[in-house]
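A.B. asks: In terms of my numbering, the sequence shown opens at residue 428 and continues consecutively.
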Amino acid sequence: MREFKKDTFYDLKHEEKAMVEIKILSGSSSIGGNFIRIEDRDETIIFDQGIRFDLMSKFYSGFITPRGVAELRNIGVLPKPEWYDGADGIYISHMHLDHLGALSNIPQETRVSLPSMAVYEDMEEKWGASPTWLSLIPRKYYVELEELQPLQTDENNIMTLPVSHSAYPAYAFIYFGKMKLCFTPETLELKVS
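Written as structure tokens, this is what we have:
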């Protein structure tokens, strides 16, 4: 089992076992903003796509709020649009905003797998009615949402494992591609075998 360190880009193309790229694009050295991109030949999977609260607190407080998604992208609070290119699926480990992020930031038609549709729908109503930046969180019409199914492997070869966390439900993910990868939220751990 190989462990991956924070703030490091891993290109496993040259290893005999696989042609896999693991990109920790955000969240390894910040509060929030987790964004892990796995590229395995012709398949691309994203784990989490959160808000960077360390940057958010530098620019906004009280009555000073962002004008929109583009402003938040420009200062690095939200992921860059190109990080989503070719994504076959986005998997959200739990519903804290440093992992869920702003679903309205997703620039293309894609499927997002959430821990709980009931929790999302309840919060979507509250976020949408908010006079603050929280109104930017709900999805756009072209983002398809589905609920994660624990202990099942989906069409992208992702198995969802329940984990203990203050946000319920919360999940770790195992990717069964050319390499086996395990992603656990909060610790930002990736293990490969």
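Beta carbons are placed, not taken as given, at the ideal position from N, Cα and C, and that holds for glycine.
Just so you know, these numbers come straight off a predicted model, no measurement behind them.
Report yes or no: do three or more beta-carbon pairs, one from the stretch 460-473 and one from the stretch 507-526, lie closer than 8 Å?
C.D. replies: Touching, yes.
A.B. asks: PRO589: which of GLY459, ILE517, MET550 and SER543 sits nearest, CA to CA?
C.D. replies: Answer by Cα proximity: SER543.
A.B. asks: Tell me, to the nearest whole angstrom, how far the beta carbon of ILE478 is from that of ALA545; I am working on the premise that it is less than 8 Å.
C.D. replies: Contact doesn't hold; Cβ gap of about 22 Å is too wide.
A.B. asks: To the nearest angstrom, how far is the alpha carbon of THR537 from that of TYR569?
C.D. replies: Near 7 Å, if we compare the C-alpha coordinates of TYR569 and THR537.
A.B. asks: I'd like to confirm something about GLU509: is its beta-carbon nearer than 8 Å to some heavy atom of the ligand GDP, or not?
C.D. replies: Of ligands this structure carries none, so the ligand GDP is not represented either.
A.B. asks: Can you list, in chain order, the residues of its chain with a C-beta nearer than 7 Å to that of SER457? Leave out the 5 residues immediately preceding and following it.
C.D. replies: Closer than 7 Å at Cβ, skipping near neighbours: ARG479 and ASP481.
A.B. asks: Which same chain residues end up closer than 7 Å to ASN584 when comparing Cβ atoms and leaving out the 5 residues on each side of it in sequence?
C.D. replies: Cβ within range, chain order: TYR602, PHE603 and GLY604.
A.B. asks: In three-state DSSP terms, what is ALA594?
C.D. replies: Of the three classes helix, strand and coil, the one that applies to ALA594 here is coil, per DSSP.
A.B. asks: Report yes if the C-beta distance between LEU452 and PRO506 is below 9 Å; otherwise report no.
C.D. replies: Yes.
A.B. asks: Mind checking which residues open and close the alpha helix (DSSP H) that includes MET522?
C.D. replies: Per DSSP, MET522 belongs to no alpha helix (DSSP H) and is neither H nor E.
A.B. asks: In or out: TYR595 buried (at least 16 other Cβ within 10 Å) or exposed?
C.D. replies: Looking at its Cβ environment, which holds fewer than 16 other Cβ atoms inside 10 Å, TYR595 is exposed.
A.B. asks: With a threshold of 16 other CB atoms inside 10 Å of the CB of PHE407, please say whether the residue is buried or exposed.
C.D. replies: This structure gives no information on residue 407, because the portion of the chain shown stretches from 428 to 620.
A.B. asks: When you compare only the Cα positions, how much space is there between LEU608 and LEU578?
C.D. replies: Rounded to whole angstroms, LEU608 to LEU578 spans 15 Å at the Cα level.
A.B. asks: With C-beta atoms as the reference, is ASN475 less than 9 Å away from SER531?
C.D. replies: The amino acid occupying residue 475 in the given sequence is Asp; Asn does not appear at that position. No, they are not a contact pair.
A.B. asks: Name the DSSP beta bridge partners of LEU527, please?
C.D. replies: Paired residue(s): none; LEU527 is not in a bridge.
A.B. asks: Run through the stretch 531-558 for me and flag every whole alpha helix (DSSP H) of 4 or more residues, listed as ranges in chain order.
C.D. replies: Correct list: 544-555.
A.B. asks: Looking only at DSSP bridge pairs, what is PHE603 linked to?
C.D. replies: DSSP, once it has assigned bridges, lists LYS607 as partnering PHE603.
A.B. asks: Which full runs of the beta strand (DSSP E) of 3+ residues lie inside the stretch 452-530, going along the chain?
C.D. replies: Complete beta strand (DSSP E) runs here, min 3: 462-467, 470-474 and 516-518.
A.B. asks: Mark THR580 as exposed unless 16 or more other C-beta atoms lie within 10 angstroms of its C-beta, in which case mark it buried.
C.D. replies: So THR580 ends up on the exposed side.
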